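Going by numbering that gives the first Met the number 0, the sequence shown opens with residue 0, and the numbers climb by one from there.
Backbone N, C-alpha and C define an ideal beta-carbon position, used for all residues, glycine too.
Only a predicted model underlies this, so the values are computations on that prediction, with no experimental measurement involved.
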Amino acid sequence: MTKKNLFIILGTILAAVALGIYWRNFRGANILFRPVAERLPAQDSEEQKPSVNTTGIPLTLPDGFSISIFAENLPNVRVIKFDSLGNAWVSQPSQGTVSQLEIKDGKVVSQAAVFRGLNNPHGLAFDPENPATFYIAEETKISSTKVYSEDSLHKIADLPGGGGHFTRTLGFGPDKRLYVSIGSSCNVCEEKDNRRAKIFSMNPDGSDFKEYARGLRNSVFFTWKEGKMWATEMGRDYLGDDLPPDEINIVEEGRDYGWPVCYGKNIPDDNADCSQKTGSAIDIPAHSAPLGLAFLDSDLLVAYHGSWNRSTPTGYKIVRVKFDRAGNYQSMEDFITGWLKDGKLYGRPVDIVSGPDGALYVTDDKAGLIYRIAKLK
0 MTKKNLFIIL GTILAAVALG IYWRNFRGAN ILFRPVAERL PAQDSEEQKP SVNTTGIPLT
60 LPDGFSISIF AENLPNVRVI KFDSLGNAWV SQPSQGTVSQ LEIKDGKVVS QAAVFRGLNN
120 PHGLAFDPEN PATFYIAEET KISSTKVYSE DSLHKIADLP GGGGHFTRTL GFGPDKRLYV
180 SIGSSCNVCE EKDNRRAKIF SMNPDGSDFK EYARGLRNSV FFTWKEGKMW ATEMGRDYLG
240 DDLPPDEINI VEEGRDYGWP VCYGKNIPDD NADCSQKTGS AIDIPAHSAP LGLAFLDSDL
300 LVAYHGSWNR STPTGYKIVR VKFDRAGNYQ SMEDFITGWL KDGKLYGRPV DIVSGPDGAL
360 YVTDDKAGLI YRIAKLK
């Protein structure tokens, strides 16, 4: 064997030994040694599918989503809740009814008014601890009953009447208490009834009825995220097209959110003192009339019912509120538009809830419809 060949063999052996030592002890120790492909951001395996709209209404929504009509012939449909069997219950204030929608294989197979002759029924809730216990909020009372039984409605709490904002909305909090929102009796005034323009909480049987927050002119809808109550609020009228802003509030116990003397980010009306008031979390365009809200992943969807007293109409859409990873507000963008198009009004979105199938359901009290919004697979 020549000396040259000997050096080649020895060099090969040493290289193999060195590679083995590295592979055994240092593999993955330094990111610089990883393949370039591992250091690049992950790419989507496929582009999002084009949006699908089968409603017959000129709605526009993001790619990756579909919208369809889930139920129809429901005049003035407002709140929707699903029971433990997967059926839906809806309130229709102008009809004085609460109806049940029987659902099989994702389709409505029947719908009928179960409770009739009610006084502006609006808020609905199921007790998460006792799923058969169903609550209905009329203008002047809250009642409970057992669904799928012969049980009748039993009043558990009295609520104030007196005109003005007559809808009462219900929801169970993470503390297992039942919450109810009560709007003001006027556009702007000092209330004579101390129960107006507030949110209250109570035990499921109606006992321990107490104030939770005040200064909320008309917080028609609320929901919870990570233990916090998020609520929409409609600002006062007749300050012009762009004032005051409507609001999204994070509602905390014992806080005063400013109405009737402060609005938005604690802006005073007539030099009022707002130092002890709590400003809005997010301001939204005046007269948008925000109603239902629901979280989609880490984003918040809000239904804008639409203006009635603005020179140029606004609202009539669902917007998407985006937050960063720390939960800080980042931006707002349209999610679904087209209920008002070229001067023609097709509908007004109200409630937004997540159904048992993971899809979103949106009520429309103008068109008498319920829409189903789903991610395309």
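Counting only runs of 3 or more residues that sit fully inside the stretch 186 to 227, the beta strand (DSSP E) segments are 197 to 201, 209 to 213, 221 to 224, in chain order. Under the 8 Å Cβ criterion, the stretch 291 to 302 counts as touching the stretch 313 to 323, having at least three qualifying pairs. Beta-bridge pairing by DSSP links glutamine 99 to Trp88, Ala111. Here lysine 209 is near serine 200, since their CB atoms are less than 8 Å apart. The beta carbons of phenylalanine 220 and threonine 168 sit about 6 Å from each other, so the pair counts as a contact at 8 Å.
Three or more Cβ pairs drawn from the stretch 152 to 163 and the stretch 128 to 139 lie within less than 8 Å of each other, which places the two stretches in contact. Here the alpha carbon of asparagine 129 sits roughly 32 Å from the alpha carbon of glycine 214. Here lysine 316 is bridged, per DSSP, to Tyr303.
Of all alpha-carbon atoms in Gly85, Ser67, Ser90, the one lying nearest the alpha-carbon of valine 78 is that of Ser90. By the 16-neighbour rule on beta-carbons within 10 angstroms, threonine 166 is buried. The beta carbon of valine 97 is closer than 8 Å to those of Trp88, Val89, Ser90, Gln91, Ala112, Val113, Phe114, Leu117, Pro120, Leu123, Ile135 in its chain, skipping five residues each way along the sequence. Using a Cβ-Cβ distance cut-off of 8 Å, the stretch 281 to 298 and the stretch 60 to 70 are not in contact, since fewer than three pairs of beta carbons, one from each stretch, lie closer than that value.
Annotation for aspartate 204: Ile155 place their beta carbon closer than 7 Å to its own, counting only its chain and skipping 5 residues before and after. Under the three-state reduction of DSSP output, serine 93 falls in the helix class. At least 8 Å separates the beta-carbon of histidine 286 from that of proline 348. The C-beta distance from glutamine 99 to glutamine 110 rounds to 7 Å, short enough to fall under 8 Å. Here glycine 172 carries a coil assignment [DSSP, helix/strand/coil]. By the criterion of a C-beta distance shorter than 8 Å, lysine 48 is surrounded in its chain by Asp62, Gly63, Leu375, once the five residues flanking it on both sides are discounted.
With contacts defined as CB atoms closer than 8 Å, alanine 196 and arginine 176 fail to qualify as a contacting pair. With a cutoff of 8 Å on beta-carbon distance, valine 107 and isoleucine 141 are scored as not near each other.
Note that the C-beta distance between aspartate 245 and glutamate 232 is below 8 Å. A direct Cα-Cα distance of roughly 15 Å separates alanine 293 from tyrosine 328. Just so you know, the alpha carbons of valine 260 and glycine 278 end up roughly 12 Å apart. Between the C-alpha atoms of threonine 53 and serine 143 there is a straight-line separation of about 37 Å. Sequence-distant partners of serine 353 (beyond 5 residues in either direction) whose C-beta falls short of 8 Å from its own C-beta, in its chain, are Ala293, Leu359, Tyr360.
Comparing C-alpha distances from glycine 367 to each of Trp338, Thr222, Trp229 shows the shortest one belongs to Trp338. For lysine 48, there is no enclosing beta strand (DSSP E), as DSSP marks it with neither H nor E.
In the structure shown, threonine 231 falls within a strand segment according to DSSP collapsed to helix, strand and coil. Under the DSSP assignment, glutamine 329 falls in the beta strand (DSSP E) whose first and last residues are 328 to 335. Each residue's CA atom was taken as its position, placing glycine 163 and glutamate 332 some 32 Å apart.
Across the set Pro173, Trp258, His153, Phe171, the C-alpha of Trp258 shows the shortest separation from the C-alpha of cysteine 185. Judged by beta-carbon spacing, aspartate 255 lies within the 8 Å limit of lysine 276, meaning their Cβ atoms are closer than that value.
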